[in-house]
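Chemist: These protein sequence lines are chains A and B, in that order. With the numbering used here as the guide, the letters of the first sequence map in order to residues 46 to 242. With the numbering used here as the guide, the letters of the second sequence map in order to residues 46 to 242. Before we start, here is the structure in question, set down as structure tokens.
Number of protein chains: 2
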Amino acid sequence: MPNIDKRSEIVRAARELIAENGFHGAPMSMIAAHANVGAGTIYRYFENKDVLITELYKDLEERMYPVILKGYASDRPIRERFLHLGTALLRHFIESPLDFRYLEQFHNSPYGTEFRRDKILGKMEGCDVFRDLFEDGISRQVVKELPLVILFDLAFGPILAVARDHILGFVMLDELLITRTIEACWDGIKRQAPGTL
Amino acid sequence: MPNIDKRSEIVRAARELIAENGFHGAPMSMIAAHANVGAGTIYRYFENKDVLITELYKDLEERMYPVILKGYASDRPIRERFLHLGTALLRHFIESPLDFRYLEQFHNSPYGTEFRRDKILGKMEGCDVFRDLFEDGISRQVVKELPLVILFDLAFGPILAVARDHILGFVMLDELLITRTIEACWDGIKRQAPGTL
DNA sequence: GCATAAGGAATGAACGTTCATTCTGTGACG
DNA sequence: CGTCACAGAATGAACGTTCATTCCTTATGC
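This is the structure in structure tokens:
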């Protein structure tokens, strides 16, 4: 029977190495070595490198949702809900730099583009919370009337950029700065009060 | 004497292939083939692949500045200046998808991180226009008092994300949507009028 | 002792780079 | 004007490496 310990050692090693060195800086042989496993053993658990990479990403996404949904109350005002999700997400990225780096590697690769295409064309399953939030916001005239995709970009573009800069050491985010950044994202998304130039 | 035609054929082929397939999807042999040139010929013009890649990026950046600075008047109000630069940048990305894709490839690679580190630690030479604009905005209390890096992320994060989504066909940006997107970026950056929740 | 897991050397494809050779255009010379 | 010699531009087969993957051997548990 396949040994569950081996599998998780492979997963751990792969995640660490890929997050730090990118897909091309993490050969299977190196992953095997860091997992204290023979090179061939990996192929007992994952059909090939592509499958390993994609599987790792799915794991990551599934571990992410509970974190940001913890304490989320969908009956609160739009703004409050957005701030909750945004800060939770940014905080999570900062606390799990390995996950974040892996996520970035994945997004900026052919795998990621394919994934995203499926998501957007397939009605964005998985992003339900955010989609609901934005659609709710639009219908209540609290959020700008823009295509969903653009609202996503306005919200996640800065969050990802800020997280990256924190992890690379270009800024040092504390709790205050996190809040102020997400509030700024909200300002970008929300309908501006009329009369204010 | 080296043939200038050959050189520019190599540059064109490299830009196209790398923009479309990424650094690892554009082997030197393929670049040579698309440039109708022998594999060794590239090395008469560029020391190695790294040099080729970096040179291409510098070209790209230098071609970009005149475009977004055209018609820029640094004596206009902060908001107007930001909208000018932002829309010009987004428009340029959309009109030159090849350049944009190359820029993304470069940014999301070790080359790009190194480049960015140098820029940020080295006082951001080259981003002078934006830095001046943000600093000016802060001192006039028109822009939020946040670290420069975060202001950059709030502005460029969405612009890059939106440009990518347009090029991948996830949204179809027209002139109106471009303006509204950049206005939304400005809303994120500007100090909000007090009293507006 | 048999079935299955694990190991890691072997394999072959792909890559960046080199280099011995070929090609080309130019200037000297008769 | 025709021929020849030469410089240096161009070539692409060949090389050394690296990598994902395979496959035969060894170890382990039942």
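Ideal placement from N, C-alpha and C gives every residue a C-beta, glycine not left out. All figures in this text were calculated on a predicted structure; none of them were measured in a lab.
On the DSSP bridge assignment, give the partners of Lys243 of chain B in chain order.
Modeler: Since the first and last residues shown for chain B are 46 and 242, residue 243 of chain B lies out of range.
Chemist: Less than 8 Å between the C-beta atoms of Ala71 of chain A and Ala59 of chain A, yes or no?
Modeler: Start at 1 with the first residue of the first sequence, and residue 71 of chain A comes out as number 26. Start at 1 with the first residue of the first sequence, and residue 59 of chain A comes out as number 14. The answer is yes: Cβ separation under 8 Å.
Chemist: Going along chain B in order, which residues have a C-beta closer than 7 Å to the C-beta of Asp232 of chain A?
Modeler: Looking up residue 232 of chain A in the first sequence gives position 187. Chain-ordered, the chain B residues with CB closer than 7 Å to the CB of Asp232 of chain A read Asp232, Gly233 and Gln237.
Chemist: Lys189 of chain B: buried (16+ other C-beta within 10 angstroms of its C-beta) or exposed?
Modeler: Numbered from 1 along the second sequence, position 144 holds the residue referred to as residue 189 of chain B. Classification for Lys189 of chain B: buried.
Chemist: Determine whether the Cβ of Pro203 of chain B lies closer than 8 Å to any Cβ atom of chain A.
Modeler: The residue labelled residue 203 of chain B in the question sits at position 158 within the second sequence. So, interface residue.
Chemist: From this set, A:Gln186, A:Met73 and A:Ala64, which residue's C-alpha is nearest Ala238 of chain A's C-alpha?
Modeler: For this step, residue 238 of chain A is matched to residue 193 along the first sequence. The option with the nearest alpha carbon to Ala238 of chain A is A:Gln186.
Chemist: Which residues in chain B have a C-beta closer than 7 Å to the C-beta of Arg225 of chain A? List them in chain order.
Modeler: Numbered from its first residue, the first sequence carries residue 225 of chain A at position 180. Under the 7 Å cutoff, chain B gives Leu191.
Chemist: Between the C-alpha atoms of Leu242 of chain A and Lys94 of chain B, what's the straight-line distance to the nearest angstrom?
Modeler: Your numbering for residue 242 of chain A matches position 197 in the first sequence. Your numbering for residue 94 of chain B matches position 49 in the second sequence. With a pLDDT of only 48 at Leu242 of chain A, under 50, the local geometry of the prediction cannot be trusted, and the value read off the model is given with reservation. About 49 Å.
Chemist: Could I get the ranges of all uninterrupted beta strand (DSSP E) runs contained in the region 64 to 138 of chain A, with 3 residues as the minimum, in chain order?
Modeler: none
Chemist: Is Ile223 of chain A closer than 8 Å to Thr226 of chain B when the C-beta atoms are compared?
Modeler: In the second sequence, residue 226 of chain B corresponds to position 181, counting from 1. In the first sequence, residue 223 of chain A corresponds to position 178, counting from 1. Cβ atoms of Thr226 of chain B and Ile223 of chain A: not closer than 8 Å.
Chemist: I'd like the span of the alpha helix (DSSP H) that includes Leu199 of chain A, first residue to last.
Modeler: Within the first sequence, the letter at position 154 stands for residue 199 of chain A. Where Leu199 of chain A is concerned, the enclosing alpha helix (DSSP H) stretches over Leu193 to Ile212.
Chemist: For Phe215 of chain A, decide whether its Cβ has a neighbour in chain B, counting only Cβ atoms nearer than 8 Å.
Modeler: Taking the first sequence and counting its residues from 1, one reaches residue 215 of chain A at position 170. Closer than 8 Å: yes.
Chemist: Could you check which residue in A:Phe145, A:Gly167 and A:Leu213 has the C-alpha nearest to that of Leu101 of chain A?
Modeler: By 1-based counting over the first sequence, the position of residue 101 of chain A is 56. The residue among A:Phe145, A:Gly167 and A:Leu213 with its C-alpha nearest the C-alpha of Leu101 of chain A is A:Phe145.
Chemist: Using a Cβ-Cβ cut-off of 8 Å, state whether Val207 of chain B counts as contacting chain A.
Modeler: Here residue 207 of chain B refers to the residue found at position 162 of the second sequence. Yes, because at least one Cβ of chain A sits closer than 8 Å to the Cβ of Val207 of chain B.
Chemist: On the DSSP letters alone, give me the boundaries of the alpha helix (DSSP H) that Asp219 of chain A sits inside.
Modeler: Residue 219 of chain A sits at position 174 when you count from the first residue of the first sequence. Unbroken run through Asp219 of chain A: none, as it is neither H nor E.
Chemist: What would DSSP say about Gly44 of chain B, mapped onto helix, strand or coil?
Modeler: Here chain B comprises residues numbered 46 to 242, so residue 44 of chain B is not present and cannot be evaluated.
Chemist: Taking a Cβ distance cut-off of 7 Å, strictly less, list which residues of the region 68 to 94 of chain A are near chain B, in chain order.
Modeler: Of all residues in the region 68 to 94 of chain A, His69 have a Cβ within less than 7 Å of some Cβ in chain B.
Chemist: By the 7 Å beta-carbon criterion, what residues does the region 93 to 123 of chain B contribute toward chain A?
Modeler: none
Chemist: List, in chain order, every chain B residue whose beta-carbon is nearer than 7 Å to that of Asp198 of chain A.
Modeler: Working through the first sequence from its first residue, we reach residue 198 of chain A at position 153. Per Cβ cutoff of 7 Å: Pro203, Ala206, Val207 and Asp210.
Chemist: For Gly233 of chain B, which option in B:Ala200, B:Val216 and B:Ile139 has the closest C-alpha, if you only look at C-alpha atoms?
Modeler: Taking the first residue of the second sequence as 1, we reach residue 233 of chain B at position 188. Out of B:Ala200, B:Val216 and B:Ile139, B:Ala200 has the C-alpha closest to the C-alpha of Gly233 of chain B.
Chemist: Using a cut-off of 8 Å between C-beta atoms, extract the partners of Ile49 of chain B located in chain A.
Modeler: In the second sequence, residue 49 of chain B corresponds to position 4, counting from 1. Residues of chain A passing the Cβ test: none, with the nearest at roughly 33 Å.
Chemist: Measuring alpha carbon to alpha carbon, tell me which residue in B:Ile63, B:Ala78, B:Pro155 and B:Glu228 is nearest Asn66 of chain A.
Modeler: Stepping through the first sequence from its first residue, residue 66 of chain A is reached at position 21. The shortest C-alpha separation from Asn66 of chain A is found at B:Pro155.
Chemist: Hey, does Ile63 of chain A have any beta-carbon neighbour from chain B nearer than 8 Å?
Modeler: The residue you call residue 63 of chain A lines up with position 18 of the first sequence. So no, Ile63 of chain A is outside the interface.
Chemist: DSSP state of Ser53 of chain B, grouped into three classes?
Modeler: As a position in the second sequence, residue 53 of chain B is number 8, starting the count at 1. In the structure shown, Ser53 of chain B sits in a helix (DSSP, three-state: H, G or I).
Chemist: For Lys62 of chain B, which residues of its own chain have a beta-carbon under 7 Å away from its beta-carbon, when the five flanking residues on both sides are left out?
Modeler: Position 17 of the second sequence, counted from the start, is the residue given in the question as residue 62 of chain B. Note on identity: in this sequence residue 62 of chain B is Leu, with Lys being the wrong assignment. For Leu62 of chain B, where only same-chain residues beyond five positions count, the Cβ hits under 7 Å are Ala71, Met75, Ile76 and His79.
Chemist: What residue from A:Leu128, A:Leu218 and A:Leu143 has the CA that sits closest to Glu106 of chain A's CA?
Modeler: As a working note, residue 106 of chain A is residue 61 in the first sequence. Nearest to Glu106 of chain A by alpha-carbon distance, out of A:Leu128, A:Leu218 and A:Leu143, is A:Leu143.
Chemist: Leaving out five residues on either side along the sequence, give the residues of the same chain with a beta carbon under 7 Å from the beta carbon of Ile165 of chain A.
Modeler: Counting from 1 along the first sequence, the entry for residue 165 of chain A is found at position 120. These residues qualify, in order along the chain: Val194.
Chemist: Using 8 Å as the limit for Cβ to Cβ distance, is Val194 of chain B near chain A?
Modeler: Within the second sequence, numbered from 1, the residue matching residue 194 of chain B stands at position 149. It does; some Cβ of chain A falls within 8 Å.
Chemist: Thinking His137 of chain A and Val112 of chain A are a contact (beta carbons under 8 Å), I'd like their distance in whole angstroms, please.
Modeler: As a working note, residue 137 of chain A is residue 92 in the first sequence. As a working note, residue 112 of chain A is residue 67 in the first sequence. The beta-carbon distance between His137 of chain A and Val112 of chain A, rounded to whole angstroms, is 5 Å. This is short enough to meet the 8 Å contact definition.
Chemist: Check whether the Cβ of Ile55 of chain A lies closer than 8 Å to any Cβ atom in chain B.
Modeler: Working through the first sequence from its first residue, we reach residue 55 of chain A at position 10. With 8 Å as the cut-off, Ile55 of chain A does not count as an interface residue toward chain B.
Chemist: Identify the contact partners of Thr158 of chain A in chain B, using a Cβ-Cβ distance below 8 Å as the criterion.
Modeler: Along the first sequence, one-based indexing puts residue 158 of chain A at 113. The contacting residues are Leu213.
Chemist: Under a Cβ-count criterion, where at least 16 other Cβ atoms within 10 Å of its own Cβ denotes burial, should Ala64 of chain A be classed as buried or exposed?
Modeler: In the first sequence, counting from the first residue as 1, residue 64 of chain A sits at position 19. It counts as buried.
Chemist: Going by CA-CA distance only, name the one from B:Thr86, B:Val207 and B:Thr158 that's closest to His211 of chain A.
Modeler: Counting from one through the first sequence, the residue named residue 211 of chain A turns up at place 166. Considering only alpha carbons, the answer is B:Thr158.
Chemist: Express the C-alpha separation of Leu134 of chain B and Arg124 of chain B in angstroms, rounding to a whole number.
Modeler: Taking the first residue of the second sequence as position 1, residue 124 of chain B is located at position 79. Taking the first residue of the second sequence as position 1, residue 134 of chain B is located at position 89. Distance between the alpha carbons of Arg124 of chain B and Leu134 of chain B is about 15 Å.
Chemist: By the criterion of Cβ-Cβ separation under 7 Å, what are the contact partners of Ile165 of chain A in chain B?
Modeler: In the first sequence, residue 165 of chain A corresponds to position 120, counting from 1. Those within 7 Å of Ile165 of chain A in chain B are Phe215.
Chemist: If contacts are defined as beta-carbon pairs under 8 Å, then Glu8 of chain B and Arg209 of chain B qualify, I think. What distance do you get, rounded to the angstrom?
Modeler: Since the displayed chain B opens at 46 and closes at 242, residue 8 of chain B lies outside it and no answer follows.
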